[in-house]
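For what it's worth, this note's numbering labels the leading residue of the sequence shown as 5, then goes sequentially.
Note sheet for the following structure.
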Amino acid sequence: MWKIFTLYIIALMLSACDSSGAPGEATSEKQPGFTPEPELPVGMFEIMIPFPDDALDALPDTFQAKLSVGLGSSAFHSSDDPPDIFYTLTDRGPVIPCQDSKKFLGKKNLCKRKGKTDNKGKIFLTPNFSPVLYKLRIEAHETASTTVQVLATIPLMDTAGNLINGLSPPLTLATTERGYNLAGDLIEFDPSGLDPEALARLKDGSYWLAEEYGPSLVHVNAEGQILQRIVPGRTAGDLGAAPYPVLGFLPELLSMRKLNRGIEALAVSPDESCLFFALQSPLANPNTKTFRKSRHIRVYRYELINGFSGNPIAEYIYDLDTPKQFIDPLSRDATLPNQSQISVTDMAGLPDNDLLILEKSPSNFKIYRVNTSAASNLLNTGLSEQSSGNGKTDSLEQTKDLESLGIALLNKQLIYSSLLKQNPGETRVTKAEGLAVLDNHHILVISDNDFGIDGAPTAAEVIELEHSLY
């Protein structure tokens, strides 16, 4: 289905900057062998990559017209590349809730299990879809439009080189969900299935991915073959039949992630000695009610040994903003989000143990800078591992004021907020899920368009920062 190809996508620039010099302004002469850095077009643009034709054949005509590749689950820029090159990632593929089968497929109560309707499952529109890594280049032009060139596509494969899929795995400790095909038939669980949500690329060309199901960290080589999948302790037993190595090195408690709220953010330190990763939302520790109300996000530091998996070495706490902090002052009909709608969706590594963290509500996003050096390390502490919810001792997620216990949270410094757009109605990226640091003054944010199920393209924005990052 997937082949490496080169494709130009013409994308509409919704805003741009004028970087031309004034008439008569002196310019520096280019020295022999000197290659100038490419100009980055500041502003928003759309990316529309058609879905593979052979995957559309079984779909209703209504979907064939609008499905596109949803490549905005994450973004990453490698310091080895020019600033106009970045990497992105798809998730498990296009899915819709069984309860929406009438809305999207014209068939009510489509999903059937043991003769009964199952409205809690998901319909996989293309069950054979393989998650894919993309290498992209932003190309600026003198006109008001930009082009995005696809340099490479890298589908994920097992050890033998067979494509893997995004189907739900058979989990017993973490919650899972049943999958159905277009006929409403139950799809078997697949221990190799991945739902990727974040990526980082190492200098040897391999990639580390984060995914939601396990939740997991996944190491793949430059060709996309899975080298290791790292999951919470005993979850390795659930996935023992996967056609690649599965290791239970993550904290056991991570299996208490809320369904579809697993590891969402991933970064690598500049020296590649460790990964940083974060859950999308607070753990359901001990229950879903706690997940809905808590603001405490667990951020981990994970050791790398020559690029391969080591062990967790630190755990920090990042507090999400409150719903009121995400109210849009420019919107006349601003809706107050629920606390559970505010989440962490990506991160990027900076020097000196700093991280950029992408935090979003349903319609806006913020980027915060944090430093891990001054934060408390809670790994393997009693508070971190408490999960009984017995009414006598609160779990970490239930404890409202961690600072009163002497715990130093990750201190948040606001770098950018989409709430601060200057003009009412000004376009911004919504459902922001990817963040890449392109250079010292520019970052890229990209949206997850859910494969265009609602007709939306992938939206991206190059943002010029007021202050340098490093």
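Backbone N, C-alpha and C fix where the C-beta goes; we use that ideal spot for every residue, glycine too.
What you are looking at is a predicted structure, and each value in this text was computed from that prediction instead of being measured.
Among the options, which one has its Cα closest to the Cα of residue i?
| i | options | result |
| --- | --- | --- |
| Ala79 | Tyr91, Val73, Thr151, Asp85 | Tyr91 |
| Ser377 | Ser77, Pro101, Pro174, Ile317 | Ile317 |
| His446 | Lys297, Gly459, His471 | His471 |
| Ala288 | Ser149, Arg296, Ile467 | Arg296 |
| Leu203 | Asp458, Asp95, Asn113, Pro64 | Asp95 |
| Asn132 | Asp88, Asn123, Thr157, Ile191 | Ile191 |
| Leu308 | Phe330, Lys293, Ile51, Tyr211 | Tyr211 |
| Ala352 | Phe280, Tyr217, Asn225, Thr157 | Phe280 |
| Gly165 | Leu340, Leu63, Ser196, Leu423 | Ser196 |
| Gln390 | Leu258, Arg233, Glu468, Asp356 | Leu258 |
| Phe193 | Ser298, Ala246, Ala226 | Ala246 |
| Ser313 | Val272, Lys118, Gln232 | Gln232 |
| Leu473 | Gly386, Leu140, Arg373 | Arg373 |
| Asn342 | Ser388, Ser285, Thr385 | Ser285 |
| Leu140 | Ile127, Glu468, Gly76, Ser172 | Gly76 |
| Ser298 | Ile346, Leu340, Cys278, Leu263 | Ile346 |
In whole angstroms, what is the alpha-carbon distance linking residue i and residue j?
| i | j | result |
| --- | --- | --- |
| Gly25 | Glu41 | Summary for Gly25: the model assigns pLDDT 38, below 50, so the residue's position carries little reliability; its value from the coordinates is reported in the next sentence. Each residue's Cα considered, the two are about 16 Å apart. |
| Pro461 | Phe455 | 8 Å |
| Ala269 | Val222 | 13 Å |
| Tyr322 | Ile301 | 5 Å |
| Pro56 | Leu71 | 9 Å |
| Leu383 | Tyr420 | 30 Å |
| Ile411 | Asn375 | 15 Å |
| Ser344 | Ile331 | 15 Å |
| Val136 | Ser367 | 26 Å |
| Asp88 | Asp443 | 9 Å |
| Asp189 | Glu181 | 14 Å |
| Asp104 | Gly459 | 16 Å |
| Ser422 | Lys435 | 12 Å |
| Val250 | Ile457 | 33 Å |
| Pro274 | Tyr306 | 14 Å |
| Asp122 | Cys115 | 5 Å |
| Lys328 | Leu424 | 15 Å |
| Pro27 | Pro101 | Caution applies to Pro27, whose pLDDT of 35 falls short of 50 and renders its modelled position unreliable; the model cannot decide the point. |
| Leu155 | Asn225 | 17 Å |
| Lys416 | Thr292 | 26 Å |
CB residue i to CB residue j, shorter than 8 Å?
| i | j | result |
| --- | --- | --- |
| Val449 | Leu324 | no |
| Gly74 | Asp452 | yes |
| Ala379 | Arg261 | no |
| Tyr304 | Leu414 | no |
| Gly125 | Gly170 | no |
| Glu276 | Leu206 | yes |
| Pro200 | Leu359 | no |
| Asp242 | Pro174 | yes |
| Asp208 | Gly311 | yes |
| Ala282 | Val348 | yes |
| Pro290 | Ser399 | yes |
| Val441 | Ala463 | no |
| Ser220 | Ile168 | no |
| Met48 | Glu437 | no |
| Leu334 | Gly228 | no |
| Ile230 | Tyr217 | no |
| Lys112 | Lys106 | yes |
So residue i packs on residue j, CB below 8 Å; how close in whole Å?
| i | j | result |
| --- | --- | --- |
| Leu418 | Lys370 | 6 Å |
| Gly266 | Glu215 | 7 Å |
| Val99 | Leu60 | Their Cβ separation, rounded to whole angstroms, is 15 Å, which puts Val99 and Leu60 out of contact at 8 Å. |
| Leu153 | Glu146 | At residue 153 the sequence reads Gln, which differs from the Leu that was named. Contact flag wrong, Cβ pair sits at about 17 Å. |
| Leu439 | Asp350 | 4 Å |
| Ala62 | Leu186 | 6 Å |
| Thr476 | Pro45 | Since the displayed the chain opens at 5 and closes at 474, residue 476 lies outside it and no answer follows. |
| Gln402 | Thr294 | 5 Å |
Where do the ends of the alpha helix (DSSP H) carrying residue i lie?
| i | result |
| --- | --- |
| Leu423 | Premise fails: Leu423 is in no alpha helix (DSSP H) and is neither H nor E. |
| Ser4 | Since the first residue shown for the chain is 5 and the last is 474, residue 4 is missing from the structure and cannot be characterised. |
| Lys107 | 105-109 |
Tell me where the beta strand (DSSP E) around residue i begins and ends.
| i | result |
| --- | --- |
| Tyr203 | The sequence shown places Leu at residue 203, rather than the Tyr named in the question. It spans 200-205 - the beta strand (DSSP E) in which Leu203 sits, taken as one unbroken run. |
| Gly438 | 436-441 |
| Thr150 | 149-159 |
| Gly350 | Rather than Gly, the amino acid found at residue 350 in this sequence is Asp. Element bounds for Asp350: 347-354. |
| Arg373 | 369-375 |
| Arg296 | Unbroken run through Arg296 is the alpha helix (DSSP H), 292-297; no beta strand (DSSP E). |
| Thr130 | Careful: Thr130 lies outside any beta strand (DSSP E) and carries neither H nor E. |
| Ala62 | Counting along the chain, Ala62 falls outside any beta strand (DSSP E), and DSSP gives it neither H nor E. |
| Ala240 | Careful: Ala240 lies outside any beta strand (DSSP E), inside the alpha helix (DSSP H) at 239-242. |
| Met48 | 47-51 |
| Cys278 | 278-283 |
| Asp323 | 312-323 |
| Ala463 | 462-468 |
| Arg141 | 136-143 |
Any heavy atom of the ligand SAH within a distance shorter than 7 Å of the CB on residue i?
| i | result |
| --- | --- |
| Pro135 | In terms of ligand content, the structure shown is empty, and the ligand SAH therefore cannot be addressed. |
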